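Let me begin by presenting the structure, written as structure tokens, before commenting on it.
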């Protein structure tokens, strides 16, 4: 048996078979999905390694889930057997609070239920994610995937896609806006695609040289090397919007200088302490810095429909589940263009 | 002669008479003002002490200026001899750029001209502020003061007033909103008055106990002691808007926790590096932190008219110019309720 470090890290390795953890019976509003593909998100690794504390083992990661409906409860309205569907970062929420009523289940005031490592009200234990053969999810949290899209490449839209689409939509990025996407990884490459599809003039902002060709292929109009003070100065005060996908601690000040008066930079990557910000970076020019977290279910469906209409998918590298440990090592070295997707058939073989 | 440290700090003390620095002749669009009162702003001290670098000596501070028009140029349209007028932090700007066209001269792309220590295009030297007998200013930068207000108490509206009014107006604070005003000094006491007049439920947020009575007199409905973790927790996620007037380096995270989803905290005080912010403080709840700098001339006039209509002025302590050094010492110890105003008649005696 292959020991999967992914499944519980060093503290709790296990064999592949345990990934097929038992799922609940299909309740009236439930949908049972045969998982075909599952994307590998950096959050999976953080949870496996207990970086954010609170990880419950065994961890079955995976919240970029694609599959086909294999059965539905008798109160399921909009889905049927055979439908191509997706499940993202959430599988439940209270559906009564002000956030849920505003279609922002990710901010549920009673706590949204994460697709893995969340508090499962059915089992009383914790939820298990998409590195598995199947999953049972309430219909409200099951998305419909446009059939014209390449199924394998759709998986990362459920997390990386909505994480970058939502702020562009919420802050109303439009045709002709000058938009900077900071960081070229799983999130950044989707940010470029969406901003380009929205008609923006897209500038890929990165510390590393040599990414120009790739960035332009994704839809960037320009590449700005953030280490080049002279180039940064040329772009000073010129951006309508900045999407900051950097996943680690960094200095915000040089990026804030790039914003126009009254413009906003949105953080989607760094859920950790940042380097000290200068008050003047915001006060001079009445600038804003904000955060954004995935997106609500309604907006996730809108994003998927937008992808269907514009033929947008993720750039992926396919792996078998047996290669998950190597994939994790490579994600941590940013050595993937731009998202690993697991062919879940490999778990069945 | 009294040596005034205010006037050039240790590097360049001077006597009172030198404050009556020569002013330019009255040009066609100029207004000459006999200064009656001038507020003492913390910026005056920063400039005198060269804290922000770039101070040019001799410094004549003062950008909360009240006075009467004594003469006008032949192209002056809306002001005449005898009018009660004010001058705030700016005396010029390019009036052609996008910021100026948007009535936001404070963000003039070619650089607004500060009332003191700014680059004076007329003299070729630097500008001199309101600790003086008179001043000559282009009519565009001269505000009309409602005659029903107490003249002495109006001076601080020109800086502390507009600095706090502008963000409340720009972020559309309205009746019933729960608004927190952080810090009770020159800025904070005006923030409370304005938020109260706008119909908000106002919470004064302060580190120090014992300010409850004063805060309530100013219009606060509640006082929240930021050092009390239990109290802070009770108010978590409940504020529609936070006006942060703290003038020094501080930790933003505890305040960001107080904001509702999608709400904003605006910095108006700390033009300096802040303590590290946690990305999650913004990402969880899609919160924003922004900055705001005084206000444009049009909005400053709106603020003064609002004050006229609601009978709002500053709480002041009157001093003679001969006591300026002691006043500076007390400002630095936050020992003033809430703004010193100099009776400029004392310079004439």
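Protein chains in written order, with the UniProt record's numbering: chain A, 1 to 349; chain B, 1 to 349. C-beta: ideal position from N, C-alpha, C; glycine also. Quick caveat, the model's predicted, so the values are computed rather than measured.
What are the boundary residues of the alpha helix (DSSP H) that includes residue i?
i, result
"residue 307 of chain B", "297-310"
"residue 393 of chain A", "Summary: the structure shown does not reach residue 393 of chain A, with chain A confined to residues 1 through 349, and so no result is reported for it."
"residue 192 of chain A", "186-197"
"residue 328 of chain A", "324-332"
"residue 264 of chain B", "Premise fails: residue 264 of chain B lies in the beta strand (DSSP E), 259-267, not in any alpha helix (DSSP H)."
"residue 63 of chain A", "Careful: residue 63 of chain A lies outside any alpha helix (DSSP H) and carries neither H nor E."
"residue 256 of chain A", "253-256"
Taking 8 Å as the CB-CB limit, is residue i close to chain B?
i, result
"residue 279 of chain A", "yes"
"residue 107 of chain A", "yes"
"residue 88 of chain A", "no"
"residue 290 of chain A", "yes"
"residue 272 of chain A", "yes"
"residue 282 of chain A", "yes"
"residue 334 of chain A", "no"
Below 7 Å CB to CB, which residues in the same chain sit around residue i once its five sequence neighbours on both sides are set aside?
i, result
"residue 84 of chain B", "68, 145, 147 and 151"
"residue 128 of chain B", "21, 60 and 116"
"residue 346 of chain B", "320, 321 and 322"
"residue 189 of chain B", "218, 315 and 338"
"residue 240 of chain A", "177, 178, 179, 260 and 263"
"residue 296 of chain A", "103, 104, 105 and 106"
"residue 246 of chain A", "182, 183, 269 and 270"
"residue 97 of chain A", "108, 109 and 110"
"residue 220 of chain A", "192, 202, 203 and 204"
"residue 310 of chain A", "197"
Report, in whole angstroms, the separation of the C-beta atoms of residue i and residue j, which I expect to be a contact under 8 Å.
i, j, result
"residue 138 of chain A", "residue 29 of chain A", "5 Å"
"residue 176 of chain A", "residue 201 of chain A", "7 Å"
"residue 149 of chain A", "residue 86 of chain A", "Not quite, the Cβ-Cβ distance comes to about 10 Å (not below 8 Å), so this is no contact."
"residue 186 of chain B", "residue 156 of chain B", "6 Å"
"residue 258 of chain B", "residue 281 of chain B", "Between residue 281 of chain B and residue 258 of chain B the Cβ distance is about 11 Å, and since that is not below 8 Å, they are no contact."
"residue 45 of chain A", "residue 331 of chain A", "6 Å"
"residue 341 of chain A", "residue 37 of chain A", "5 Å"
"residue 154 of chain B", "residue 313 of chain B", "6 Å"
"residue 344 of chain B", "residue 35 of chain B", "5 Å"
"residue 91 of chain A", "residue 141 of chain A", "5 Å"
Indicate whether at least one CB of chain A lies closer than 8 Å to the CB of residue i.
i, result
"residue 99 of chain B", "yes"
"residue 381 of chain B", "With chain B covering 1 to 349 only, the question about residue 381 of chain B has no answer from this structure."
"residue 345 of chain B", "no"
"residue 259 of chain B", "no"
"residue 267 of chain B", "yes"
"residue 61 of chain B", "no"
"residue 275 of chain B", "yes"
"residue 263 of chain B", "no"
"residue 293 of chain B", "yes"
"residue 42 of chain B", "no"
Less than 6 Å between C-beta atoms, sequence neighbours within five positions excluded: which residues of the same chain meet that for residue i?
i, result
"residue 227 of chain A", "207"
"residue 333 of chain B", "none"
"residue 122 of chain A", "24"
"residue 363 of chain B", "Only positions 1 to 349 of chain B appear in the structure, and residue 363 of chain B is not among them; the question remains open."
"residue 203 of chain A", "180, 222 and 224"
"residue 165 of chain B", "194 and 303"
"residue 93 of chain A", "100, 105, 108 and 112"
Which stretch, first to last residue, makes up the beta strand (DSSP E) that contains residue i?
i, result
"residue 134 of chain B", "134-138"
"residue 164 of chain B", "From DSSP, residue 164 of chain B is part of no beta strand (DSSP E) but of the alpha helix (DSSP H) over 160-170."
"residue 224 of chain B", "222-225"
"residue 348 of chain A", "Not the beta strand (DSSP E): residue 348 of chain A falls in the alpha helix (DSSP H), residues 345-348."
"residue 40 of chain A", "30-40"
"residue 180 of chain A", "178-182"
"residue 204 of chain A", "201-206"
"residue 244 of chain B", "239-244"
"residue 316 of chain B", "316-320"
With a threshold of 8 Å on Cβ separation, who are the neighbours of residue i within its own chain once the five nearest residues in sequence on each side are excluded?
i, result
"residue 231 of chain A", "224 and 225"
"residue 26 of chain A", "32, 71, 72, 73 and 136"
"residue 159 of chain A", "39, 41, 43, 63, 64, 88, 89 and 294"
"residue 348 of chain B", "133"
"residue 273 of chain B", "249"
> Below 8 Å, can you find three or more Cβ-Cβ pairs linking the region 94-114 of chain A to the region 50-59 of chain A?
Replying inline: no
> With a cut-off of 8 Å, do at least 3 Cβ pairs link the region 241-256 of chain A to the region 268-278 of chain A?
Replying inline: yes
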